[in-house]
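A quick write-up on the structure given underneath.
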Amino acid sequence: MALYGLSMVLPPEGVPAIDAVRMIVSVLLAPFQVAVPALCYVRLRELKGSAEMAPGEAPYEENGSSALPVRPPARLRWPLVAAVLPGLLYGGFIVVNPLSLANVIDNAISGPDLDRSRPTAQIAFGPAGRPVIMIADGLPQLTFCGDGTCASHSTTTLEEYFDLHPAATVIADGTLVVAGWVGTGGDRMELEMFSCRPQGCAKRSVRPLRVAEKGWLHVHAAAVATPDGIAIASIAPSSDRSTASAELTLCRDVTCANPRTTRLGGTDPDSTDVNVDNRILAVTATADGRPVVAYIERVTGKVTVATCDSPTCAHPIVHPHDPSSQTYGWRYRSLRLQIAVRPDSRPVLVYNGDDHDDEDSTQILICTDTTCSGTPRRVEVRELDAIGAPGLALDPRGRLLLAGYYVGRDDLSLIMLVCEDDGCTRRTAIRLIQGLASAGHLDFAVGPDHLPHLVWFGRANTEDDNFFHMLTCPDIRCGRG
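Per full-length UniProt numbering, residue 1 is the first one in the sequence shown, and the count goes up by one each step.
In C-alpha cells, the structure reads:
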C-alpha cells in the first residue's frame with residue numbers, strides 16, 4: 001500500500017532523488033512489516049503485566065484514592081532499530097560508495113524496429129534542458145524527452161530519406177531543426193531544412209541552401225544554433241568531383257529566406273557507404289555566437305579549423321593542420337570528427353585514429369589559442385573504443401569527457417573517460433554499464449543541467465534485442481566523486 005501510494009504521489013521513475021526515495025522505502029517495508037506485529041505483541045504483554053499487582057505489593061493512597069502500582073514500560077528499542085537499520089545501511093553504502101560504482105539512470109527510448117543495423121544518433125537540448133534525440137535511420141526518428149532522463153518521451157518521424165547522417169540542432173523556441181542533403185534524381189543533391197516538434201515535421205527552407213550536381217554520397221552537413229539564428233556548415237564536390245569545398249551558411253530562422261554564405265576553403269572529395277558513419281564535418285559556436293567549423297580529409301588525415309571573426313563570419317580565419325604521421329590507403333571504416341569550444345574560446349577536436357593500425361585509437365587535438373593558429377597539441381587515447389569516434393563533451397571547467405566502450409576478452413562495457421587536467425595527460429576511466437551483449441554508435445553531451453547525457457545503441461544482458469538508450473548521471477563524474 002505504501003509503494004502504491006508513492007506511485008500516485010511521486011513523479012515517474014528516472015529522477016535520481018525520487019528513485020532513491022522509492023528504493024529506501026522498499027527496503028524499509030519488509031522489516032517494518034515484521035516489526036509491527038512484534039511491537040504489538042510486546043505491548044500487549046507489557047499492558048498485561050502492568051495490570052497485575054506484583055506479589056507482596058499493597059495498594060497505596062494517592063490524593064485520597066487508592067491505586068495500583070504501575071510498572072514503567074520497558075524501553076524496547078530493538079524493533080525500531082530492526083526497522084531502520086536496513087535503510088541506514090543502504091543509504092550509507094550509497095553515500096560512501098566503497099566499491100567506486102558508477103551511479104547512472106538508463107532508459108530505453110527506441111525499440112528494435114530500425115532499418116539499419118547500426119544507425120547513428122545525435123543529442124541536443126531544448127530551452128528547458130530536456131534532451132531531444134535524432135536517430136538517423138534513413139527516415140530520421142526524433143525523440144522529445146519529457147524529463148531530463150527521458151523516462152517519458154514522445155517520438156515522431158521525419159518523412160524524408162537521408163542516405164547520410166543529417167545535421168540537427170535545437171533553436172530557442174524548442175524546435176528541432178534538421179538540415180540534410182536530399183536526393184532529387186540521379187546524383188543531384190539539395191541541402192534543405194526541416195523543423196520538427198512532437199506533433200510532426202515539415203520542410204521549411206524556401207529554397208535549397210546549396211546544390212551539388214554530382215553529390216550523392218559525397219556531401220556533408222553540420223548545424224548549430226546561435227544567438228543570431230542557425231549556422232549550417234556543408235561540404236560538396238565540384239561538378240566533376242575533382243575537388244570539393246566547405247561553406248558556412250547563416251540563417252536568421254528555419255525558413256532561411258535570406259541566407260548568408262561564406263566559403264571556408266577547399267578539401268578533397270569524400271565518399272563512403274551509407275552504413276558507415278562519415279561525419280567528417282563539425283560545427284559549434286563560441287559563447288558570443290561566433291561559429292567554429294572543423295573538417296577532416298579521409299585519405300590524408302588533414303584537419304582544418306575555420307574560426308569566424310564575428311557572428312556574421314565576414315572574414316573567417318582558416319588554419320589547416322597536417323596529421324602527425326602520414327597514412328596511405330583508404331579508410332574503410334567509420335570516421336567521425338567532433339569539436340567543442342572551451343570557456344576561454346579555445347577549440348578542442350576529437351576523431352578516431354587510422355584504421356590501418358592494429359589497435360584503434362582516439363586522437364585529441366587541443367588548440368593553443370582561440371583561432372587554432374599554432375600547432376595543436378595532440379593526445380592519443382587508447383583506453384576506450386567506439387564505432388567512429390568516442391562521444392565528446394566538456395565539464396563546466398572546460399576539461400574533456402569522452403564516452404565509448406571498453407572491449408575486453410570477456411567484457412564489453414560502456415565507459416566514460418574523465419580528463420583530470422587541461423591537456424588530458426591524466427585520465428580516469430569510469431565504467432557506466434558492465435557486461436553488455438552488443439554495442440553500436442553513441443553520442444555524448446553535458447546538458448544545461450551540467451549532467452552527462454549519453455545516447456547509446458546496443459543490448460544489455462537483460463534485453464532480448466538492441467535498443468537505443470538514454471543514460472544520465474547524477475553528477476559530472478557519475479557518482480564517482
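Where a beta carbon is used, it is the ideal one built from N, C-alpha and C, also for glycine.
Inset, instruction - Select from Ser334, Leu281, Gly289 and Ile230 the residue whose C-alpha is nearest the C-alpha of leucine 178. - result: By one-based count along the sequence shown, residue 178 stands at place 178. Before going on, a small fix: residue 178 reads as valine here, not leucine. It is Ile230 whose Cα lies nearest to the Cα of valine 178.
Legend entry - Closest residue to threonine 156 among Thr149, Val170 and Val132 (Cα-Cα distance): Reading the sequence shown from its first residue, position 156 is the one you call residue 156. For threonine 156, the nearest C-alpha among the options comes from Val132.
Legend entry - Three-way DSSP call (helix, strand, coil) for leucine 158 in this model: For the purposes of this step, residue 158 is identified with residue 158 of the sequence shown, where counting begins at 1. If DSSP states are grouped into helix, strand and coil, leucine 158 belongs with coil.
Inset, instruction - Measure the CB-CB distance between glycine 440 and arginine 118 and report whether it falls below 8 angstroms. - result: Within the sequence shown, the letter at position 440 stands for residue 440. Within the sequence shown, the letter at position 118 stands for residue 118. Yes, they are a contact pair.
Legend entry - For leucine 89, the three-state DSSP class (helix, strand or coil): Working through the sequence shown from its first residue, we reach residue 89 at position 89. DSSP places leucine 89 in helix when its eight states are reduced to three.
Inset, instruction - Please report how far the alpha carbon of proline 127 lies from the alpha carbon of glycine 174, in whole angstroms. - result: Your numbering for residue 127 matches position 127 in the sequence shown. Your numbering for residue 174 matches position 174 in the sequence shown. So the two alpha carbons sit approximately 6 angstroms from each other.
Legend entry - Member of Ala340, Val341, Gly353 and Thr312 whose CA lies at the smallest distance from the CA of proline 323: By one-based count along the sequence shown, residue 323 stands at place 323. Cα-wise, what sits closest to proline 323 is Gly353.
Legend entry - Residue span of the beta strand (DSSP E) that contains lysine 214, given as start and end: Numbered from its first residue, the sequence shown carries residue 214 at position 214. Lysine 214 -> no beta strand (DSSP E), and no H or E assigned at all.
Inset, instruction - May I ask which residues mark the beginning and end of the beta strand (DSSP E) holding leucine 451? - result: Here the question's residue 451 lines up with position 451 in the sequence shown. Looking at the DSSP string, leucine 451 is not in any beta strand (DSSP E), and its letter there is neither H nor E.
Legend entry - Own chain, CB closer than 6 angstroms to valine 219, minus 5 neighbours either side, in chain order: For the purposes of this step, residue 219 is identified with residue 219 of the sequence shown, where counting begins at 1. Around valine 219: Trp181, Met189, Ala212 and Ala236.
Legend entry - Where lysine 203 sits in the DSSP three-state scheme: As a position in the sequence shown, residue 203 is number 203, starting the count at 1. DSSP places lysine 203 in strand when its eight states are reduced to three.
Legend entry - Residue span of the beta strand (DSSP E) that contains valine 348, given as start and end: Locating residue 348 in the sequence shown gives position 348, counting from the first residue. Here the beta strand (DSSP E) through valine 348 covers 347-352.
Inset, instruction - Whole angstroms is fine: what's the gap from glycine 435's alpha carbon to asparagine 278's? - result: Start at 1 with the first residue of the sequence shown, and residue 435 comes out as number 435. Start at 1 with the first residue of the sequence shown, and residue 278 comes out as number 278. Near 28 angstroms, if we compare the C-alpha coordinates of asparagine 278 and glycine 435.
Inset, instruction - Count the C-beta pairs between the region 359-370 and the region 389-408 that are closer than 8 angstroms, then say yes if the count reaches three, no if not. - result: yes
Legend entry - For arginine 409 and arginine 260, the rounded distance between their alpha carbons: Taking the first residue of the sequence shown as position 1, residue 260 is located at position 260. Taking the first residue of the sequence shown as position 1, residue 409 is located at position 409. Whole-angstrom Cα-Cα distance: 52 angstroms.
Legend entry - Whole-angstrom C-beta distance between leucine 451 and threonine 472, which should lie under 8 angstroms: Position 472 of the sequence shown, counted from the first residue, corresponds to residue 472. Position 451 of the sequence shown, counted from the first residue, corresponds to residue 451. Indeed they touch by this definition, with Cβ atoms about 6 angstroms apart.
Inset, instruction - List the whole-angstrom C-beta distance separating threonine 304 from isoleucine 317, where the pair is believed to meet the contact cut-off of C-beta under 8 angstroms. - result: Translated into positions along the sequence shown, residue 304 becomes position 304. Translated into positions along the sequence shown, residue 317 becomes position 317. That belief does not hold up - the Cβ atoms of threonine 304 and isoleucine 317 are roughly 11 angstroms apart, past 8 angstroms.
Inset, instruction - Would you mind stating whether serine 195 and valine 254 have Cβ atoms separated by less than 8 angstroms? - result: Here residue 195 refers to the residue found at position 195 of the sequence shown. Here residue 254 refers to the residue found at position 254 of the sequence shown. Contact flag set, yes.
Inset, instruction - Check aspartate 385 in the structure and name its three-state DSSP category. - result: Position 385 of the sequence shown, counted from the first residue, corresponds to residue 385. Correct three-state label for aspartate 385: strand.
Inset, instruction - Would you mind sorting alanine 257 into buried or exposed? The rule is 16 or more other CB atoms within 10 Å of its CB. - result: As a first step, residue 257 must be located in the sequence shown, where it is residue number 257. That one is exposed.
Legend entry - Residue environment, asparagine 466, which counts as buried when at least 16 other CB atoms sit within 10 Å: In the sequence shown, the residue the question calls residue 466 occupies position 466. The residue is buried, with at least 16 neighbouring Cβ atoms inside 10 Å.
Legend entry - Cβ-Cβ distance between isoleucine 433 and aspartate 106 below 8 angstroms: Taking the first residue of the sequence shown as position 1, residue 433 is located at position 433. Taking the first residue of the sequence shown as position 1, residue 106 is located at position 106. The answer is yes: Cβ separation under 8 angstroms.
Inset, instruction - May I ask you to list the residues that DSSP assigns as paired with threonine 143? - result: For the purposes of this step, residue 143 is identified with residue 143 of the sequence shown, where counting begins at 1. Threonine 143 pairs with Ile133 and Thr155.
Inset, instruction - Kindly identify the DSSP beta-bridge partner or partners of threonine 472. - result: The residue you call residue 472 lines up with position 472 of the sequence shown. Per DSSP, Ile105 and His453.
Inset, instruction - Buried or exposed for glutamine 141, please, with buried defined as at least 16 other CB atoms from any protein chain shown within 10 angstroms of its CB. - result: Here residue 141 refers to the residue found at position 141 of the sequence shown. Classification of glutamine 141: buried, given that the 10 Å Cβ count is 16 or more.
Inset, instruction - Classify alanine 121 as buried or exposed, calling it buried when 16 or more other Cβ atoms lie within 10 Å of its own Cβ. - result: Stepping through the sequence shown from its first residue, residue 121 is reached at position 121. Answer is buried; the Cβ neighbour count reaches 16.
Inset, instruction - Output the boundary residues of the beta strand (DSSP E) element that contains residue 538. - result: Nothing can be reported for residue 538, as the shown portion of the chain is limited to 1 through 481.
Legend entry - With 16 other Cβ atoms within 10 Å as the buried cut-off, status of histidine 315: In the sequence shown, the residue the question calls residue 315 occupies position 315. When all chains shown are included, histidine 315 counts as exposed.
Legend entry - Nearest-angstrom Cα separation, counted from aspartate 395 out to glycine 423: One-based indexing of the sequence shown puts residue 423 at position 423. One-based indexing of the sequence shown puts residue 395 at position 395. Between glycine 423 and aspartate 395, the C-alpha separation is close to 14 angstroms.
Legend entry - Residue range of the beta strand (DSSP E) that includes threonine 296: For the purposes of this step, residue 296 is taken as residue 296 along the sequence shown, with counting starting at 1. Note that residue 296 is isoleucine in the sequence shown, not threonine. 291-296 is the span of the beta strand (DSSP E), which, as asked, contains isoleucine 296.
Legend entry - Limits of the unbroken beta strand (DSSP E) element including leucine 114: The residue you call residue 114 lines up with position 114 of the sequence shown. Run containing leucine 114: none; DSSP gives neither H nor E here.
Inset, instruction - Count the other CB atoms, across all protein chains shown, that sit within 10 Å of the CB of glycine 215; report buried if there are 16 or more and exposed otherwise. - result: To locate residue 215, count along the sequence shown from 1; it is residue 215. It is buried - the Cβ of glycine 215 has at least 16 other Cβ atoms within 10 Å.
Inset, instruction - Please say whether threonine 267 and alanine 287 have beta carbons closer to each other than 8 angstroms? - result: Position 287 of the sequence shown, counted from the first residue, corresponds to residue 287. Position 267 of the sequence shown, counted from the first residue, corresponds to residue 267. Going by C-beta atoms, alanine 287 is not nearer than 8 angstroms to threonine 267.
Inset, instruction - Out of Leu164, His153, Ser152 and Gly129, point me to the one whose CA is closest to glycine 138's CA. - result: For this step, residue 138 is matched to residue 138 along the sequence shown. Of the listed residues, the one whose Cα sits closest to glycine 138 is Leu164.
Legend entry - Nearest neighbour of alanine 393, chosen from Arg377, Asp240 and Pro347 [CA to CA]: Numbered from 1 along the sequence shown, position 393 holds the residue referred to as residue 393. Nearest option by C-alpha distance: Pro347.
Legend entry - Span separating the alpha-carbon of cysteine 478 from that of isoleucine 415: As a first step, residue 478 must be located in the sequence shown, where it is residue number 478. As a first step, residue 415 must be located in the sequence shown, where it is residue number 415. The alpha-carbon atoms of cysteine 478 and isoleucine 415 are separated by roughly 11 angstroms.
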